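As structure tokens, the structure follows; a few thoughts come after it.
Shown next, in the form of structure tokens:
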């Protein structure tokens with residue numbers, strides 16, 4: 002299994018309604034992209050303001066194998082989401098690792 006972690010830093014003009022829309026899109030991946038075993042996403046509610054650095058949305062996806070993880074990036078549903086971020090995302094951090 003492989004874990005795919007992503008945190009998003011949005012521009013300041015992104016509304017809470019838009020954040021919720023993006024969150025809903027991410028959560029829909031489970032039923033729309035093959036190889037996803039589990040998915041979790043949410044709006045950052047940390048009270049550790051010295052560490053938040055403006056990152057507001059987190060995502061964790063568990064894939065059944067490396068091939069599924071590799072197929073995820075170019076999948077049309079994922080690409081549609083990536084295109085929806087154009088002009089509203091300031092930074093993204095991605096970490097992929099094998100689950101032990």
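In this note's numbering, the protein residues as written are 2 to 101. The beta-carbon is built from N, C-alpha and C at its ideal position, and this holds for glycine as well. Bear in mind the structure is a predicted one, so any value in this text is a computation, not a measurement.
With 16 other Cβ atoms within 10 Å as the buried cut-off, status of residue 15: buried
Assign residue 46 to one of two classes, buried (16 or more other C-beta atoms within 10 Å of its C-beta) or exposed (fewer than that). exposed
Relative to the C-alpha of residue 70, which residue among 17, 85, 38 is closest? 38
When the Cα atoms are used, what is the spatial distance from residue 28 to residue 41? 7 Å
Classification of residue 67 by the beta-carbon crowding that lies within 10 angstroms, buried from 16 upward: exposed
Between the Cα of residue 35 and those of 6, 79, 26, spot the shortest distance and give me the residue it belongs to. 79
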